[in-house]
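Take a look at the structure set out below.
Following this line, the structure appears as structure tokens:
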């Protein structure tokens with residue numbers, strides 16, 4: 001690789017380079033191109049990137065504009081409290097209306113009906129997954145990463161339709177797509193009886209090699225009741241039930257799972273349609289230890305403005321929320337100060353209940369996969385003008401608020 005430096009030294013230098021530089025250096029030689037697309041280099045570069053504190057500085061924001069039925073992605077610097085430097089990230093046109101399943105290490109999983117993709121914005125590439133094994137019933141999805149096998153996985157729980165409520169519910173079918181294997185397969189995982197998954201529209205939380213769903217016990221006289229966390233381990237591909245703290249929770253259908261400050265977290269929305277609605281944020285300080293659940297924040301959802309959802313925690317201690325701040329009412333990404341209870345608009349508009357915020361990092365993932373045969377469909381000049389006008393109008397509305 002070099003006539004001047006030992007190979008191991010060159011590798012250590014390359015591991016430290018940003019993804020964009022490595023993409024450019026692929027044309028230096030065939031050996032470098034082969035190196036950068038090898039699974040060993042991709043995994044080593046990821047391990048190095050995950051160890052850098054600077055990787056926690058960037059946040060990616062997904063917001064959805066209902067009038068155009070399109071997802072938009074923005075990159076922001078969490079060290080910049082004003083969020084005045086916002087970078088647009090282009091999602092390939094043909095998949096802009098896909099629904100988000102989740103994001104891990106800078107990779108995203110999205111779907112539309114039975115079509116699934118994995119997308120890496122840092123290398124401007126996406127791949128279309130093969131069709132799943134089954135097409136029955138309602139589906140709940142999750143996306144995660146198994147660090148022990150360096151494998152990204154999409155989890156698909158398919159619940160068969162019930163013809164009538166008196167009919168005993170059939171167990172769901174559990175399918176997993178493995179990026180390493182390149183295919184879907186039906187697992188032998190047994191879904192815990194007497195449990196139902198809640199909050200289908202919110203992405204499952206990924207942490208410690210497992211995906212976590214908000215769930216609850218089905219009501220049975222004398223049986224357990226109330227909300228819980230249902231986790232699915234991506235290595236063993238088995239379900240586990242994580243109990244909640246021994247306190248009274250209301251409206252279990254308004255419980256969301258999340259990861260805040262590197263810990264498994266739960267967002268409990270109380271009295272969402274009342275005047276005193278709030279969101280309690282509980283954090284599991286020690287993963288898997290029920291006694292470590294701690295109530296960390298209580299967010300007042302109607303302190304002068306209407307906060308529709310809590311999204312995450314900023315480095316400065318403020319809480320990212322989606323809030324309705326303007327007239328006519330529009331939902332905007334905002335920063336909530338838990339001490340003063342003040343809400344600050346951050347300049348990104350979207351539809352309520354459709355914002356998503358996650359940490360972002362550059363990643364070489366998918367660079368070793370075959371290119372998508374049709375990266376983007378051809379778009380007419382008329383469509384380009386209509387989309388540009390729609391986007392410009394929305395940006396002007398945001399600037400006025």
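Residue numbers (UniProt numbering): 1 to 401.
From the three backbone atoms N, C-alpha and C, an ideal C-beta is built for every residue, glycine too.
Predicted model, so just to flag it, every value in this text is computed and none were measured.
Where residue 15 sits in the DSSP three-state scheme = In the chain shown, counting from the first residue as 1, residue 15 sits at position 15. In this structure, residue 15 counts as helix in the three-state DSSP scheme.
Which residues bound the beta strand (DSSP E) around residue 158?
-> Residue 158 sits at position 158 when you count from the first residue of the chain shown. Counting along the chain, residue 158 sits inside the beta strand (DSSP E) bounded by residues 151-159.
Buried or exposed: where does residue 215 fall if 16 or more other Cβ atoms within 10 Å of its Cβ makes it buried?
-> One-based indexing of the chain shown puts residue 215 at position 215. Classification of residue 215: buried, given that the 10 Å Cβ count is 16 or more.
Could you name the residues of the same chain whose beta carbon sits closer than 7 angstroms to that of residue 41, not counting the 5 residues immediately before and after it, in chain order?
-> Working through the chain shown from its first residue, we reach residue 41 at position 41. So the list reads 35, once near-sequence residues are dropped.
Sorted by chain position, which residues of the same chain lie with C-beta nearer than 7 angstroms to residue 303's C-beta, five sequence neighbours on each side aside?
-> The residue given as residue 303 occupies position 303 in the chain shown. If we look at residue 303 and ignore the five residues flanking it on each side, its Cβ neighbours are 341.
Go through the segment 288-333 residue by residue and report every complete run of the beta strand (DSSP E) that reaches 3 residues or more, in order.
-> Fully enclosed beta strand (DSSP E) runs of 3 or longer: 293-300, 306-313, 319-324.
Helix or strand or just coil, what does DSSP make of residue 20?
-> Taking the chain shown and counting its residues from 1, one reaches residue 20 at position 20. Three-state result, residue 20: helix.
Rounded C-alpha distance that separates residue 50 from residue 173 | By one-based count along the chain shown, residue 50 stands at place 50. By one-based count along the chain shown, residue 173 stands at place 173. Going by the C-alpha atoms only, they are around 34 angstroms apart.
Taking only the alpha-carbon atoms, compute the straight-line gap between residue 185 and residue 83 and give it to the nearest angstrom.
-> Locating residue 185 in the chain shown gives position 185, where the first residue counts as 1. Locating residue 83 in the chain shown gives position 83, where the first residue counts as 1. Between residue 185 and residue 83, the C-alpha separation is close to 43 angstroms.
According to DSSP, is residue 40 helix, strand or coil?
-> Here residue 40 is taken as the residue at index 40 of the chain shown, counted from 1. For residue 40, the secondary structure class from DSSP, reduced to helix, strand or coil, is helix.
Between the beta-carbon of residue 107 and the beta-carbon of residue 152, is there less than 8 angstroms?
-> By one-based count along the chain shown, residue 107 stands at place 107. By one-based count along the chain shown, residue 152 stands at place 152. Going by C-beta atoms, residue 107 is nearer than 8 angstroms to residue 152.
Could you tell me if residue 367 is buried or exposed, where buried requires 16 or more neighbouring beta carbons within 10 angstroms of its beta carbon?
-> Locating residue 367 in the chain shown gives position 367, counting from the first residue. So residue 367 counts as buried.
Bounding residues of the beta strand (DSSP E) (the contiguous stretch that carries residue 128) | Start at 1 with the first residue of the chain shown, and residue 128 comes out as number 128. 125-128 is the extent of the beta strand (DSSP E) around residue 128.
For residue 115, the three-state DSSP class (helix, strand or coil) = Here residue 115 corresponds to residue number 115 of the chain shown, with the count starting at 1. Residue 115 falls in the strand class under three-state DSSP.
Measure the Cβ-Cβ separation of residue 360 and residue 46 and say whether it is below 8 angstroms.
-> Along the chain shown, one-based indexing puts residue 360 at 360. Along the chain shown, one-based indexing puts residue 46 at 46. Between residue 360 and residue 46, the CB-CB gap reaches or exceeds 8 angstroms.
May I ask which residues mark the beginning and end of the beta strand (DSSP E) holding residue 344?
-> Walking along the chain shown from the start, residue 344 turns up at place 344. Run containing residue 344: 343-350, per the beta strand (DSSP E) assignment.
Of the listed residues 332, 208, 337, 287, nearest to residue 297 (C-alpha basis) = Position 297 of the chain shown, counted from the first residue, corresponds to residue 297. The residue with the shortest Cα to Cα distance from residue 297 is 337.
So, residue 77 versus residue 314, is the Cβ gap smaller than 8 angstroms?
-> The count along the chain shown starts at 1 and reaches residue 77 at position 77. The count along the chain shown starts at 1 and reaches residue 314 at position 314. The Cβ atoms of residue 77 and residue 314 do not sit closer than 8 angstroms to each other.
If you drop the 5 nearest sequence neighbours on each side, which residues of the same chain put their C-beta closer than 7 angstroms to that of residue 170?
-> Position 170 of the chain shown, counted from the start, is the residue given in the question as residue 170. So the list reads 160, once near-sequence residues are dropped.
Residue ranges of each beta strand (DSSP E) run of no fewer than 3 residues wholly in the segment 200-235, ordered along the chain?
-> 205-207, 210-217, 227-233
Given that a residue counts as buried once 16 or more other Cβ atoms are within 10 Å of its Cβ, and exposed if not, what is residue 213?
-> Taking the first residue of the chain shown as position 1, residue 213 is located at position 213. It is buried - the Cβ of residue 213 has at least 16 other Cβ atoms within 10 Å.
Can you tell which of 72, 68, 54, 53 has its C-alpha closest to the C-alpha of residue 61?
-> Position 61 of the chain shown, counted from the start, is the residue given in the question as residue 61. Comparing Cα positions, the closest option is 72.
Spatial neighbours of residue 162 in its chain, beta-carbon cut-off 7 angstroms, leaving aside the 5 residues before and after | Here the question's residue 162 lines up with position 162 in the chain shown. If we look at residue 162 and ignore the five residues flanking it on each side, its Cβ neighbours are 169.
Cross-strand partners of residue 59 (DSSP beta bridge) | Residue mapping note: residue 59 aligns to position 59 of the chain shown, counting from 1. Per DSSP, 76, 359.
Best match in 56, 217, 322 for proximity to residue 64 [C-alpha to C-alpha] = Counted from its first residue, the chain shown places residue 64 at position 64. Considering only alpha carbons, the answer is 322.
Quick check: the segment 119-133 against the segment 141-151, are there 3 or more CB pairs under 8 angstroms?
-> no
Compute the beta-carbon to beta-carbon distance between residue 310 and residue 266, rounded to the nearest angstrom, for a pair I have assumed lies under 8 angstroms.
-> Locating residue 310 in the chain shown gives position 310, counting from the first residue. Locating residue 266 in the chain shown gives position 266, counting from the first residue. Not quite, the Cβ-Cβ distance comes to about 11 angstroms (not below 8 angstroms), so this is no contact.
Starting from residue 144 and walking both ways along the beta strand (DSSP E), at which residues does that stretch end?
-> The residue you call residue 144 lines up with position 144 of the chain shown. Its beta strand (DSSP E) spans residues 138-146.
Please work out which residues of its chain come closer than 8 angstroms, Cβ to Cβ, to residue 111, disregarding the five sequence neighbours upstream and downstream, and give them in chain order.
-> Against the chain shown, residue 111 aligns to sequence position 111. Excluding residues within five positions, the ones whose Cβ falls inside 8 angstroms are 98, 99, 101, 117, 141.
Which residues in the same chain have their Cβ closer than 6 angstroms to the Cβ of residue 370, if we skip the five residues on either side of it in sequence?
-> If you number the chain shown from 1, residue 370 lands on position 370. If we look at residue 370 and ignore the five residues flanking it on each side, it has no Cβ neighbours.
Integer-rounded CB distance, given that residue 230 should sit under 8 angstroms from residue 195 = To locate residue 195, count along the chain shown from 1; it is residue 195. To locate residue 230, count along the chain shown from 1; it is residue 230. Rounded, the Cβ-Cβ distance is 6 angstroms, consistent with contact.
Using three-state DSSP, classify residue 30 as helix, strand or coil.
-> Taking the first residue of the chain shown as 1, we reach residue 30 at position 30. Three-state DSSP puts residue 30 in a helix.
Could you give the distance in angstroms between the alpha-carbon of residue 300 and the alpha-carbon of residue 343?
-> In the chain shown, counting from the first residue as 1, residue 300 sits at position 300. In the chain shown, counting from the first residue as 1, residue 343 sits at position 343. Going from the Cα of residue 300 to the Cα of residue 343 covers about 11 angstroms.
Three-way DSSP call (helix, strand, coil) for residue 25 in this model = For the purposes of this step, residue 25 is taken as the residue at position 25 of the chain shown. In the three-state DSSP reduction, residue 25 falls in the helix class (H, G or I).
Cα separation between residue 354 and residue 180?
-> Within the chain shown, residue 354 is the residue found at index 354, counting from 1. Within the chain shown, residue 180 is the residue found at index 180, counting from 1. For residue 354 and residue 180, the distance between alpha carbons rounds to 31 angstroms.
On the three-state DSSP scale, how would you describe residue 46?
-> For the purposes of this step, residue 46 is taken as the residue at position 46 of the chain shown. Helix at residue 46.
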